[in-house]
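Worksheet for the structure shown next.
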Amino acid sequence: MRSLIASAAAVLPYLGGVDAFWRMNCAVIQTGRVDPVVNPGAVAAHAHSIVGGSNIGINSTYETMTNSSCTSCELRSDKSAYWTPLMYYWYPNGSFFEVPHGGSVVYYLGRGPNVNTTIPFPPGFMMLSGDKSARSYDNETFSYGNALYPGRPIADRVSFTCLVGSGPQPPNLPYMFNASSCVNGLRAQVVFQSCWDGVHLYKTDNSHVAYLSGLDNGICPPNYPHQLPTLFIETNYAVGQVPNGTDDNRFVFSQGDPTGYGFHADFINGWDMAVQTEAVNTCLYNGAFNGVVQECPVLSADDTTGYAENCPERPRQVDENVHGMLDRLPGCIEVTYGPGAAPASSMMCPPTAPKPYVTPTADSVPLVTASPTPGAQFGLPNQQYMGCYNDTAASGYYRTLNSLSYINYTSMTVEFCQQYCMDNGYIWSGVEYAQECHCDNYINPTAIAAEPGTPNQCTWNCGGTLTDGGLQELCGGLGYIDVYKNTNTSFNASGNNDNTAGNAQPYTPAAGFGPNYLGCYSDPPGFNTATLEGPTLEANNMSIAVCETFCQQGPGYRYYGLEYSTQCKCGNAIAPSSGPVLTPTSNPSNQTCQMRCRGIGEEICGGPAVLSLYNNTMYRPPSTVPHAGKYATQACITDPNSNGRPLQGNFTSSPDMSVDKCVKYCLGSYYRYAGIEYAVECYCGNELVLDTTGAHLAVCNASDQMLCAAAAWVCAGKSLIWNDDTKPANKIAALLAAGCTASTGVMSNIYILSVAYHVPTAEQGASRNSSIFAAAAEGGEVIVQSNYFGLCARDGLQGTWVCASGAFGLNSILDGRKDDPLDAIGFAAHFKSDVVFPGLLIGGIAIATLAFVGLATFPGWHQEHDARTGSDIDIKPFPSRPVSQMCCFALGMSSLFLLTSVLWQHVAAACAATLITSTTQGHLSAHVGPAAAVLGWLAFALTFVAFSGILVMIVSITTLDRLTDDD
C-alpha cells in the first residue's frame, strides 16, 4: 500500500502562520464526470477524481453521504466527499493519457485572530474553490481586508509545488511549471473559503462563503459572521510516470486547462457531526501543531491505516472511460491556453450531444464492524480474542504466529482462519493485512499486545466480509495481527511445531541507547515521506556501530537511524512528516522501536515504519570558504540545467575536487567566475546566464550542499559561485561606500539615502492599492543605504552590513527575492547610478587638495636677522602673488563644486525619499542621510572659509603694497 502522508513542511510555506491543524490521507473512491455541487442530478461537464464517502454520485446529499458504507479517508467518521479535476498529458497526435495519482491529502486548519470562534461545517453544507475557466493570474480581484489585515489576490488560492528528486525545493507558484522535472510529482494545492454567511448551505454563485483576508489566514468580511475550518487540499499528480511526457506545456486538466490557473476543488459535508464538533473544539486551534491525528483523542480513535483497503474505488457511475489513453478529453472539452478566460462553450457539451449512461447510485448504509474486546469469545465456539499484537515480518525473524500461513482475500474471515488453524492442528490463530491467516501452537514471547481500551492498529476489515457485505470483521492491520486462542482443553494440537514462534528467544532487556540517542521516530512508508532522506544501507550484520560508520562516510550526515532490524538511513534533517518523537502514550508508541539488530541481538534497530534515531557526534557541518586566492565567495545559484548552465565557460570534473582546485582551474583559463556542483564538478564563466537558463541566485543553506570530495569545505548541491574580487574599482567602492566598516558605530550612520521596509499607518494605507503593496512587501526586511560610491545593506535591524558597488553585488550576498520583495535595493541602486553624480565632489576635493599642497610649499615660521635692530626675529613670508591667486581661484572653484554637489545631493535625496515612500504607499520608508548632509555642508563651509581667507589675504597685501608705494 502506498502511503499518501504529505509533509507539513511542504505545505506550511504556502499557508501563513503556525497554528494547530489536522490532516488525513484519502484514497480515490470514484472518478468520472460526477459533480453533485455544480451539476446535481446530471452528468458533469468534465471529469474529477473524488475521495471520501462511498455514496458519492450525481445526486449526493448530506443524508446519502453520511449513510455511505465506508470512506476512503483515514478518519472513518468523515464521509464527506472532496474532488479535484483529473490531469492528462496531451500528445502531439491528439490523444490524451491520464496522469496517475493516488488520492488527496486533506487539511483542516485553524487560522486567524478569531480562530477560537470556529464552528464545524453544518449538515448539508457544500462549496467549491477556484475558477475552472481561469487561464491567467488575476491581480485585480482581492479578498476583503483592512489596514491591519490586508487583502490578498484571490488567485493565490491555487498553488503548485514541483517535488524534485534532489536539491532545493522550488517555491510554490500559482500555475503549473517545470512539470517534466518533478520526478516525485507535481502537487496541486487549493485553499477553501473559511467565512460563512450563516444562512445558505450553498449558493450557485458561491456567495454564501468568502475567503479570509489572507486566504489561509486573517479575518472574515463583515457580512460573514461565522468562521469555519480552513480546508486545504493537496493532490499529487505523478507526472514522471507519463510515457514520453517531456513537454511541460502539454499537461492539461480535464476542463481543458494547460496553465493550472483553473485548478479547483469541491466539498460536500458528510461528517458525523458529534465527532467533527468535538474535533473542532478540542484539536483545531488548541491541538497538535504537526497535524498528526493520533494526537487528537477523538480522531485517534477514529483513525485507520486501512482506508484504501476498507473502502476501495467504486465502479464508475458515468459510463465513460476516463483512464489510460483516450482519443479526447471526457466530455466535449477543448484545450484553451488563454490568457483570457476559457469560454463556456469550450468546457461543456451542446444540448444535442449524446449523453453517457448513468448508473443510479446504490445508496448504502454504514457498515457495522464487530470489534471484540480482549478476553471475549468471538468467532467459532471456544475461540477467545487475545488482542491486537505487533507482528514482525522481516526475513529470519519469528512472527507472532509462525508455524503455518495462508492467504486468500475473498475468503478471509475470523471464522475461516480459526477453522483453518484447527483443521491443521493449531491452537492459536491470527488474521492480518485483511487477507492473511497465521497459525501456531505457541505465541512469540516477544510479541506485545495493545493495552485494552486504547486505540490500536488492527483496523483493516477482512477481505471476506468486505466481499460479502453485511457485518464486518477486523483482520489485523499494517504490521499488526488480531490473535485468537482455542480454549477447548480437549483439542488435539497436532500441528507441526518445527518452525513455531515459541522457538523465539524470550525477551531480554535491550542494551542502552547511549547519550546520542534522540528517540523513536515515525518513518511512514511510501512516497516522499522518509524521515531521513539521505543514503540508505540494508545489511544482515546491521548494528548501531555499522550504521554510524556508514553515515560518517563521504560527506557525513548529521543523523542516522535504524529500522526493520536491517536498515540504516542517513540525513541532515528530520522531515516534519515524521511528527514529534514517539512517547509511551502516542499512537504508535515508542515501544514500536523494539526490533533487535540483525548483527547484534542485544541492540534495538527500530521497528516496522519507525526509526531508532541518533545524532552523529562526529558530524562536521559544511562551511563555505570565504576566499580562495583572488576569488571571493559570492552566492549560491540554482542550476536546473533545463536550458544550458548559468556558467557557460570551461568545465572539469575530478573525484578529488576542492575549492582551490576549481578556482585555480578557472583562473588559469582566465574566467571571472568559478562554481562547484555535486561535490566534484567545476564550472567557469565570465558572466552569470540567468534569464535563459532558469537559474537564479539563492541563499547558501548548508542543508542543501555537499562537502567537497577532498576537503571539509562546501562544494554545493546548488552551484556555489566565487568571483575574482581583486579589481581595484571594487575594493575602492567598498572602502568608500557608507556604512561598510562595521555593523554598528558611527560609519553605519553616514549615507545619502536610506530605504527600509515599513508598516504604514492607517492613513498611509488608506488607498486601495495599499493591500497590493502590503501583500508584496510581506517578509521584506532589508535596510539599504546609498552613497556616492556604493550600496550597503543588511537584513533587519540586527543584521551585519554588507557592501558592494551595485545592486547585483548585494543581491549576490542577500536573498533579495525573500528579504527584498519590493526591490528596495533596486530603488537605492537607481538613485546612486541615475541621480547621484560624484564627479563634482571628486573634482572639488582634488582641486582643494592641490590648493592646500601649493600653500604648504611655502616656508613656515623661521628666524631672520634684522639689520636695523641687530636682533633675530620670527617671520613667515606670504605666498607669492601668482601662487596666492592660483590657490584662491582653486579654492573658489572647489567651493563652487562642493556647493553644487552638496546642494544637488540634498535636494535629490529629499525628492527621491518622498517619491519612494509615496509610490509604495508607505511600505518602503526612505530618508535623507543627516550625517552625510552635515558632512557635505561642513566640507563646503571649510573650503569656503579657506577661500575667503586667501581672498582677504590677497586684498590686504595688495592694499598694503599700494599704501607703501604711495609713501
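In our numbering, the protein residues as written are 13 to 979. Quick reminder that beta carbons are idealized off the backbone N, C-alpha and C, glycines included. What you are looking at is a predicted structure, and each value in this text was computed from that prediction instead of being measured.
Rounded distance between the beta-carbons of residue j and residue i, thought under 8 Å
i: Tyr401; j: Ile245; result: That belief does not hold up - the Cβ atoms of Tyr401 and Ile245 are roughly 36 Å apart, past 8 Å.
i: Leu623; j: Glu575; result: 5 Å
i: His276; j: Asp143; result: 7 Å
i: Ala924; j: Phe801; result: About 17 Å separates the two Cβ atoms, so there is no contact after all.
i: Gly687; j: Ile649; result: 7 Å
i: Tyr626; j: Tyr571; result: 7 Å
i: Val118; j: Met99; result: With 8 Å as the limit, Val118 and Met99 do not qualify as a contact, their Cβ atoms being about 18 Å apart.
i: Val193; j: Leu338; result: It should be noted that the sequence gives Ser, not Val, for residue 193. Ser193 to Leu338, Cβ: 25 Å. No contact.
i: Met554; j: Asn498; result: Rounded, the Cβ-Cβ distance is 37 Å, inconsistent with contact.
Residue(s) in a DSSP beta bridge with residue i
i: Gln396; result: Gln389 and Lys497
i: Thr247; result: Ser116 and Ala200
i: Lys581; result: Thr548 and Gly573
i: Pro97; result: His60
i: Arg35; result: Tyr119
i: Asn402; result: Tyr492
i: Gly142; result: His276
i: Ala768; result: Ile795 and Ser937
i: Ala222; result: Cys207
i: Pro135; result: DSSP, once it has assigned bridges, lists no residue as partnering Pro135.
i: Leu908; result: Answer is none; Leu908 lacks a bridge partner.
i: Ser417; result: His450
Alpha-carbon spacing of residue i relative to residue j, whole angstroms
i: Gly336; j: Pro104; result: 16 Å
i: Trp472; j: Trp102; result: 39 Å
i: Gln329; j: Val370; result: 6 Å
i: Glu448; j: Ala146; result: 50 Å
i: Gly115; j: Ile62; result: 8 Å
i: Asn1; j: Asp315; result: Any property of residue 1 remains undetermined from this structure, which presents the chain solely from 13 to 979.
i: Leu954; j: Leu972; result: 27 Å
i: Val726; j: Cys605; result: In this prediction, Val726 has a pLDDT of 45, which is less than 50 and means its spatial position is unreliable; nothing more can be read from the coordinates.
i: Thr373; j: Ile280; result: 16 Å
i: Thr970; j: Val848; result: 41 Å
i: Met285; j: Phe133; result: 8 Å
i: Ala313; j: Ser383; result: 13 Å
i: Gln430; j: Ser415; result: 14 Å
i: Leu765; j: Ala921; result: 6 Å
i: Pro241; j: Tyr120; result: 6 Å
i: Arg974; j: Leu853; result: 38 Å
i: Ala644; j: Pro638; result: 6 Å
i: Gly230; j: Ser148; result: 25 Å
i: Gln42; j: Arg326; result: 6 Å
i: Gly282; j: Pro48; result: 13 Å
i: Tyr769; j: Leu243; result: 32 Å
i: Asn190; j: Val940; result: 44 Å
i: Pro942; j: Ser798; result: 13 Å
i: Leu530; j: Asn584; result: 14 Å
i: Val380; j: Ala167; result: 43 Å
Contact with chain B by residue i, beta-carbon distance below 8 Å
i: Tyr401; result: No chain B appears in the structure shown, which is made up of a single protein chain.
Per-residue burial, residue i [other beta carbons within 10 Å of its own, 16 or more giving buried]
i: Phe172; result: buried
i: Pro182; result: buried
i: Ala365; result: exposed
i: Ala750; result: The predicted position of Ala750 is uncertain, since its pLDDT is 38 and thus under 50; no value can be drawn from it.
i: Glu614; result: exposed
i: Lys673; result: buried
i: Lys581; result: buried
i: Gly352; result: exposed
i: Asp736; result: Confidence is the limiting factor: at Asp736 the pLDDT is only 45, short of 50, which leaves the residue's position unreliable and the question unanswerable from this model.
i: Met630; result: exposed
i: Glu444; result: buried
i: Gln517; result: exposed
Distance cut-off 7 Å: residue i Cβ against heavy atoms of the ligand PLP
i: Lys497; result: Ligands are entirely absent from the displayed structure, and the ligand PLP is therefore not among its contents.
Exercise. Tell me, please, whether the stretch 213–221 touches the stretch 257–270 by the rule of three or more beta-carbon pairs shorter than 8 Å.
Key: Too few Cβ pairs lie closer than 8 Å, so no.
Quiz item: Counting Cβ pairs, one atom from each stretch, are 3 or more of them under 8 Å apart for the stretch 134–141 and the stretch 302–312?
Solution: Counting Cβ pairs under 8 Å, fewer than three are found: no touch.
Exercise. State whether the stretch 481–498 contacts the stretch 420–432, with contact taken as three or more CB pairs (one from each stretch) at a distance under 8 Å.
Key: With the cut-off at 8 Å, the stretch 481–498 and the stretch 420–432 touch.
Quiz item: Between the stretch 899–914 and the stretch 859–870, do at least 3 Cβ pairs fall closer than 8 Å?
Solution: Short answer: they touch.
Quiz item: Is there contact between the stretch 149–162 and the stretch 218–227, where contact requires at least three CB pairs shorter than 8 Å?
Solution: The way I'd put it, the stretch 149–162 does touch the stretch 218–227; three or more beta-carbon pairs between them come closer than 8 Å.
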